[in-house]
Structure formats: structure tokens, C-alpha cells
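Presented below is the structure to which this report refers.
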Amino acid sequence: MQLHSGLMLPILLAVALCLLLNVLTLHARQVAPLIEDDWARRPHRAAECNFGRQIRELGTTWFADLGPPFGVMYCIKCECMPVQKKKRIIAKVQCRNIKNECPQLTCDEPVLLPGRCCKSCPGDFSTDVVQDLPVQLTSEEEERNLKHFGTLLTGRTSQSVRSDDPNPTSVYNSAYNYLATGRFTFHRKNLYYSFYLSASTPRPRSIQFVDGSGSILEEQAIDPVGGAYQNVTGKLCGVWRRVPRDYRKLLREERLHVSFLWEPSAILTGQLSRYRALSTEQYSSLLEPTMGVDRSLMSGAGATAIVSASSVSAPSIHVSLVFNGLFLPNDVAEVPLVVQLEHQEKDYVVLREEMIVKKPSNELNFGEVRSALSGADLRLLTRGKLSISIMSRKDPQALHLAGAVGPRATCDMYQTLLLSETPSVASGLAWVYLDRIGALRYGVQLIGLEEESPLVTLVDEGGKRKTELDDLTPSLVGGFANGSLDRPGPRLLEPLFKGELSVVAASQAGSLLRGRLLERPVADARDTAAPVLLRRPNREPTHPGPAGLIWTAVDLDCSLHYELELAGFSSNSQEPRTFRLYLETMPRLAQGAPVARRLLEEFGGYSLEGSVTGLSPMELYRIDSGIGFLEVTEKQTGHVLKAPFKARVPFSCLPHYADNDVASVVAYNLQPSKSDFETGACFHETRFYEEGQQWTSNTDPCSMCHCFRGLAQCDTVPCPALSCTPGKQAKQSVAGHCCPICAAVANNTKSNAIKGCTLAGQHHLAGSSWHPYLPPSGFDTCAVCTCDAVTLEVKCPRVQCPPLQCNEKIAFRPDKKACCKQCPAVTPHNVAATAAVINDTAHMARDEALPSIRRTAEEILASGGCKYPVGGPYENGMEWHPRVHSHGEMKCVKCRCKNGEVRCDRKRCPRSLCNSIAHQMKRGEYVADVDDCCTTQCRRARRHHRNNHHPASRHTVTPRELS
């Protein structure tokens, strides 16, 4: 039966799409995902599409890429569609076949151009209609168009958005008199937000971004504690990552709103508006109703001030105001208001200006004042001594808003890498920011200049002459400088805000490190105490030396956030550089500790902002304990930057065992996990050992240990029986040799006592005997190894069992470790097992029977003989049972030498015998060891058949297995 070609194509495409998505999904699970997969921990799923391993934002279209051998399917058009679900906007992928949408053609022989779905007439180069993909702005254009947004959140601004509560009042909205102001910075498709809250406003539980109809576009839970930066500055900081293009359009058109939620009946909402004055903002103020105002008129009122000052030539000040609630019921037009700048502690008015509001609004009103300012008043402003108030000229007592002037509301930090300007191994980093009282907090780290006593200074590099502004050297201790500069003035703040302030570390030895402080938004990773300096593991002087600066943090969802900057790489390469960021963790900083290595992200350029989820509790425990490492590797050249790091991890993300419980740590780590890439290792005493490794205990030299399945197992050394009486035995004088030795042998072999014999990495004195150590079973007490006192050769014969006085068919071993069989107790001729025989008589007899004139190994091999690990070489055509040091002769295996090749086969047992043994086992009867080889082989074949449902195949034994 044949299918119509028009029907076959969509079916094949649909099947191929399903297979691709399944393969991509399975493959994606093998690497660290870069987005949150466990949406149950988040308020809702982000409005973005995950197609295979690629993130697609809302509104984007693309052609399905099925990979080899199909490639890009230009007739399968996919789109990331917004879907409304309970007042929330979520994303969904929708793909369709657009083959039927191709236009009708008039030519007889149309052609299909590369990268097109529809055929076209020759010479027709018009754009394909079905491939009308929207043109996107560059990141620089978008950032230029999406700057300088702010908002004011009051009870009055919350009335126009929420469709489910169109007229909130103080009765229905318990947050009606709360107050907040925010600033927004768009950077690399991420919207960073910063807020000041009034003293009477508690920290909200969550933040939402909504459109004009109240649909929730993005929602985030807010950490009730906040990070290091937020606690010092008193701000609320965060970021909305990967803002979809459609929502960026809402922001450009000022149709985006933000809401704070404390509980379902407590909510504040404000509109994101473009304020041009934010481009020069240096100070901010949040104004709230003062004592004694008319609460019936001022309920839900508030204001924010954007303040900038200049000390160039004539000092001046510029204040932009956004406010509401300062109008009487009969104020309709041309309402006069008074703006006043005054000293907070003294009765001193610095500035008093009047402005006119042409048409008052209940939601938001705008105004500004400019004025000259004396140098003394400007210093009061920078020291946080001034406040701003705005009041009604008609009734200033009843309608009055006031607030202190402090550092600007934007969550920002200034950081730099300090690179060497001379060939040196030294490098460093520095960062500064303003705290809630306006003090400039700074941190500097220098590596490689510890012995040169460098001077660390802040330098203004904006003018023709570089001006030294402040000295940070007094706080430099051990390569770290941490402190604060109280109330810096415009002389320092203006170059800081303009990106013209540098940190310079110089020494009398000629070393010089320099870096210019640049502004960076704060959220997630930067909301921590300090960054980490990544540097080269080697110590070769270079100029400039590459270095890296990275911030890290772990949030309440157990996601690791990182923000990385690189500098100092040479610009000789014409190709774009590609870097890889790795996370390495180990159980403990100890010798031999295994390392788990995880690729976090591969990226181009010299900066990276990202996050990773799916880290195991074990990895998070190590990050919290400070035994993690970050490594950046350049793909082209292999250059490596590396540093240890530590990040605070929420308690809910850590595994459930006590700190420093190394045994639990290792056992937890060895549980099977697809996300853990490390191999098993055992921690014993002070170091780690690899799987299968054996060693002597440091605390007990007479205890042998080995690593098996991640656990260290130790056994006390058992001493074999000696041929001499106890009175003629002597204790060995060498440490670590625990078993006695015959005194006569010891006296005759003093010259060889130090040399001795070595077996399996263990040294044994000449004339000594021991049981071989065979991990994971431990010591094999059924074999005794001896170090010949004269020839220093090692021989390990098996214990020779005494002859049985009963029928061998009914003999048995009393336990698994028994070396010899015993007769049943009811047998009258039962004889106890005799002492172990040390000498391997069969082997000795073979050695004694050799002819007096022996052929050399070269002669045997030249005539077709064979090499063999134990006992070789063998003559061509010779057959033998192989020998193993610890188990003696393997009677169930026969080896044959033929023309230089060795072939070893196990003994084949007849099927009838195996069937008989299986029948006895099924009925629960005793199975006599008629033939050790066949009994063992038949039982193994039965287990193999039961587990794999097919008969056991013949097994050819290789010499490697026997050795």
C-alpha cells in the first residue's frame, strides 16, 4: 500500500520532530541545565519556551532544526506563544507546516532556493513571505532605549491596574499607606530593579510585573532576609532575567507595572515611567507624610526625589519630584507648592523654591527645581545632613511630605580587575559601593605583592592630570584592604559615577597594578560579601597577566548564580575567544581527594552572567564548606584561571547529616547519581584512596586496608604457622613486619634481610612467610607465601589438604573460608584436617625433574614456544594447568602452547551432570562435590541462565585474567 506524497511529508516531519525532542531532552538531562527545571519551587513558570536545549522568548519565531540528517526544516515554522492561565501569562511552543501557505507561481519551472520553503520563479529574488521573521534590535540599541525608568508605589498609584480590585481603599487594602520608590536598569536583556522602602513599610513577600489589565507577566519571591549588599544599603534588589521582547515593548511604551505583595489583601502597584533625570541621579529621597498632617487628605500619599549636584565652577543642585496627595478637594488648576531643602538637625533652610502644578492628578504629579548652592551646603548634602520637603502653600501644616536625602536608590556597585602594567605574577581586584548612610565601602585584594609593601590609592583619571584622591594603604593587611570612607564629597563621587575613578597599587620595587572602577547592577551573585579572584596556576611573569573576577551566590531554590568578568588576555588572535566555566568540588581538602568536575557554561566574550540548577546536595555542601573551585579555561589556547571559593547555601539545600562527618559525606557521594561525575574513593585516617587500592594503616602497621565500593576495610595481619617450634621463633626487628620468623633462618640471612622480597607492592624480609592479601576478600589463609632466604624468590603454594577417610562424594567444607573438605560427623573414619603444608611439593618435584642441561628462554621462543606470566616460557605443543601466586594450580583450566600463542580453556562438563546437580538443588537435596570443576561450573551456569534467560556460553580464559 502506498501513501500519497502530500500526506507522507507531514507524517515524517511530525515523527522526526518527536524523535528530536526526545533525544534533545534525554541529552539535556546529562548536563547542568541553565534554567530552573523544578517549577514547583517557584511562584509560576517563566514566560519563555524551551525548545530542545534552546531558550526562546515570547513572540519569537524560528524554523525547526532536526539536526543530522534532516537539518533545518524551513517548512516547519515554530513560534513561542503567550497563553493566559489564571491571570498569569505562560509560554507554549506551537509549530505548523507552512508548505500550503506558499504563493501560487506563474512560471513553468520554479526553483527552490537554499534556506527557503517555497519555490520561486527564476530571477525572482523577492523575500519569501512565509519566512518573514521579525527584525530584532541590537542589544546596544535596546539598552539605549530602555534606560532611566523609575516608579513610585503608593496607595493612590495602586487604583488603576488591578481589575479584580478596581477601587482599593484603606479598608480593603491594608498596604494602602505603605510607601516605596524604585529604579530600573535594563542590561543584556535583564531588567534589574532597586527599591527604597519607607520606615513603616515591611519587606514584601513577592514582587510581580503586570500589564495594564492586571495579567501577571513575571512573579518572584523575595528573600525575607536579603543578602550582604541589601543589608548594608537598606535597599531591595533583584533582577528579571531574559525579559521577552513583547514585554520590553511594554516597557518602552510605559505600559508595564510593578506590584509588591505582602498578603492577598495587601498590595502596592506603580507604573514604570521614563524619568530623564535618572541619568544624572546622585542622591535619592523617599518622602512620606509628616507628623500633624490631615490623614483624611494625605492617606495613600507619597513622593520621591531625584537629586543631582555639581561642584564644577559654581556649585548647584537639581531636584526632580514625583508626588501625589498634596492637594485640597477644590484644587483644580494652577496649584502652588513649596519645595524646601533644610538641615535635619538645625533650624536652617538651605533652599526654598515655589513651583506651580498646572493640572493636579490623584495618581502622579511631576515638578523640578534648580538652584545655586554654596560649597558648605554642598558638603552638608554629601554628608547626609539635609532633607527635602514639599508642601501645599495654602495649608502647609495639613499637606506636607518630607524625607532625608541619601545615596541614590539604584542597586549598583563599582568593580575592577587590577592588572599589571609591568611583567609580573601579581594581580588583584577592587570593588566599592555606598551604604545606607552614604559612606563609601571598599574592598581590595592583591596577590603577588605581599613582600613589596605596596601603596593603594584612589586616583581621578578624568582630566589631563591624574589626581590622587584618597589613600587606602592603612587598611591593607595580608593582601586585603577593607574599610570605608565616611561621607565622600563630590570630588570623589563625580569621577566614580562617571567611570573615571581608578584603584592603583604600586610598590618601590617597580610593580604597578591598575584598574578603573566601572558600574555594575547588583542582584543574586553580587548581593554577597566579596568576589573571588581567578588567576593563573603557574607563576610566570607576563604583561598584562590575565585574571578574572567572579561573584557567586546560592538562592533559596538551590540555584547557583555567577557573574564573571575577564581581562588581560592578549588581542593578537583574530578569532573570537571561547571560554568554559567549570565547577570543581571535592569531599575534603585532603591528599588524594577525588574531584567532581562540572561544566557550567561555554561562552564568548569577556563577561558572563548565568545560573545553574540541578546541583546535588553533596556539591552544595562542598560549596558551603569552602572546598569548591571555579575554573575558566580558554578553548583555543588552553589558558586556565582558577581559584577556590565559598558561598553560603540555605540550610534546606544541604544534605541531612552532621557537618564534618566524612564517612557520611563519602557514602552519600557514592550513591548512584547521573548528575555526579566523580568516581568512588575511600577516606581513611588523613587521606583518600582510589577504588581497589590497598595500603598499610598509619596507626596500626599490622593492619592491611583496601578500598572497596567507596568504603575502607581493614584486616589484621594473620600469621601463618612456622616449621620451627615456638621457642625457636624470633620477632622481626623491622617496623611493619608483624609475624615472627624462625631464629635459625634469621641468623643465616642477615645480609639479605634488608633486601627481602616484594609482592603486590609489599616488602617482606628474607625467610619470612605470610598469607597473601587479596582485596576485597582480605587475607587468603588457604595460601602461604614465602620469601626464599637465599634466592629471594617468592612462592605462594596452596594449603595441601589431608586425604579423606570417607567417600569424597559426601565430603563438605564447614564454612566458606575453609581450605579443606571434611567428612560428615556421622562418618566413623572422620579424620581432622592436618596442619597446613607450606612447601608446594608438586611444584618442587617438577623443578627437580628438569634435565641438567636446560634450553634458554630465547631458544624456546625461537622454536615456537610461548611466553606466559607465571612459569613460562613453555615449549611448543606443551599443555599445563596455569598457576596463580595466591591460589596455586588452577586444575579446572588447561592451557596449550601452539606456534607461539597460548590458549586457555576451562573444563567442559557434560550437560547430563549439570542437569543432575540442578535437579538435586531444586529438591533441596545435598549436592556432593563429585567434581569441584563441574559443581562450580554448573552452579554458575544455572545462576547465569536464571539472570539472563539464555544458556551460558563457553568461556575462553585469557592469560591476563589468570595473572
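For reference, each letter of the sequence shown is one residue, going -28 to -1, 1 to 935 in mature numbering (1 follows the signal peptide of the UniProt record, and there is no 0).
All C-beta atoms, glycine included, are put in the ideal place defined by N, C-alpha and C.
### Task
Compare the C-alpha of L489 against each of L505, R224, L358, V431 and name the closest.
Nearest of L505, R224, L358, V431 to L489, Cα basis: V431.
### Task
Indicate the three-state DSSP secondary structure (helix, strand or coil) for Q192 in the structure shown.
strand
### Task
Kindly indicate the opening and closing residues of the alpha helix (DSSP H) around S268.
Unbroken alpha helix (DSSP H) run through S268: 267 to 270.
### Extent of the continuous beta strand (DSSP E) run through P261
255 to 261
### Task
Go ahead and pull the three-state DSSP assignment for N811.
Only weak support is given to the placement of N811: the predicted model assigns it a pLDDT of 39, under 50, and the question is left unresolved by the model.
### Query
Looking at C-alpha atoms only, which residue of T524, E547, D529, S542 is the closest neighbour of L536?
For L536, the closest of T524, E547, D529, S542 by C-alpha to C-alpha distance is T524.
#### Entry: E29, buried or exposed, once every other Cβ within 10 Å from all chains shown has been counted against 16
buried
#### Entry: At least three beta-carbon pairs within less than 8 Å, the stretch 259 to 274 to the stretch 316 to 328
no
### Query
What span of residues does the beta strand (DSSP E) with G154 cover, start to end?
Note, G154: beta strand (DSSP E), 152 to 159.
### Message
By alpha-carbon positions, which one of P176, R214, R213, E190 ends up nearest to P196?
### Response
P176
### Query
Within the chosen definition, does the stretch 561 to 570 reach the stretch 480 to 500 through at least 3 CB pairs nearer than 8 Å?
no
### Query
In or out: V504 buried (at least 16 other Cβ within 10 Å) or exposed?
buried
### Message
Could you give the first and the last residue of the continuous alpha helix (DSSP H) run that contains G347?
### Response
It spans 347 to 354 - the alpha helix (DSSP H) in which G347 sits, taken as one unbroken run.
### Query
Name the DSSP bridge partner or partners of E340?
S292
### Task
Quick one: grab the DSSP three-state call for F575.
strand
### Query
In three-state DSSP terms, what is T141?
Bear in mind that a pLDDT of 44 at T141, under 50, signals an unreliable position, so the number given afterwards is only what the model happens to contain. Residue state, collapsed to three classes: coil.
### Task
Pair every Cβ in the stretch 364 to 371 with every Cβ in the stretch 298 to 309, then say whether three or more of these pairs are closer than 8 Å.
yes
### Query
So is P395 buried or exposed if we call it buried at 16+ other beta carbons inside 10 Å?
Per the 10 Å Cβ criterion, exposed.
### Task
Quick one: grab the DSSP three-state call for S361.
strand
### Query
Sorted by chain position, which residues of the same chain lie with C-beta nearer than 6 Å to E190's C-beta, five sequence neighbours on each side aside?
F181, W212
### Contact set for Q417: own chain, Cβ-Cβ below 7 Å, skip 5 residues either direction
G400, L401, G451, F452, L505
### Task
Could you tell me the boundaries of the alpha helix (DSSP H) in which Q202 lies?
200 to 205
### Query
Out of curiosity, what's the CA-to-CA distance linking C792 and P774?
8 Å
### Query
For A381, is the classification buried or exposed, using 16 other Cβ atoms within 10 angstroms of its Cβ as the cut-off for buried?
buried
### Message
Which of the three DSSP states is assigned to D443 in this structure?
### Response
strand
### Message
Based on DSSP bridge pairs, tell me the residues matched to T668.
### Response
Listed as beta-bridge partners of T668 by DSSP are M676.
### Query
Would you report the Cα separation of residue 942 and D319, rounded to the nearest angstrom?
As displayed, the chain neither begins before -28 nor continues past 935, which places residue 942 out of reach and without an answer.
### Message
Considering only their Cβ atoms, is the gap separating G598 from K618 smaller than 8 Å?
### Response
yes
### Task
Closer than 8 Å by C-beta to A286: which residues in its own chain qualify, once you throw out the five before and the five after it? Chain order, please.
If we look at A286 and ignore the five residues flanking it on each side, its Cβ neighbours are A344.
### Task
Measure the alpha-carbon distance for V291 versus S280 and round it to whole angstroms.
7 Å
### Message
Tell me which residues share the same chain as K727 and place their Cβ nearer than 8 Å to its Cβ, disregarding the 5 neighbours each side in the sequence.
### Response
Closer than 8 Å at the Cβ level, and outside the excluded window around K727, lie A738, L764.
### Message
Between which residues of its own chain and P332 is the CB-CB distance below 6 Å, once the five residues before and five after are set aside?
### Response
These residues qualify, in order along the chain: F299, D303, V307.
#### Entry: Secondary structure of T129, DSSP reduced to three states
DSSP, read as helix, strand or coil, puts T129 in helix.
### Query
How many Å lie between E491 and L350 at the Cα?
So the alpha carbons of these two residues sit roughly 24 Å apart.
### Query
Roughly how many angstroms separate the alpha carbons of L561 and A755, rounded to a whole number?
40 Å
### Task
Could you please give the first and the last residue of the uninterrupted alpha helix (DSSP H) stretch that includes S597?
589 to 597
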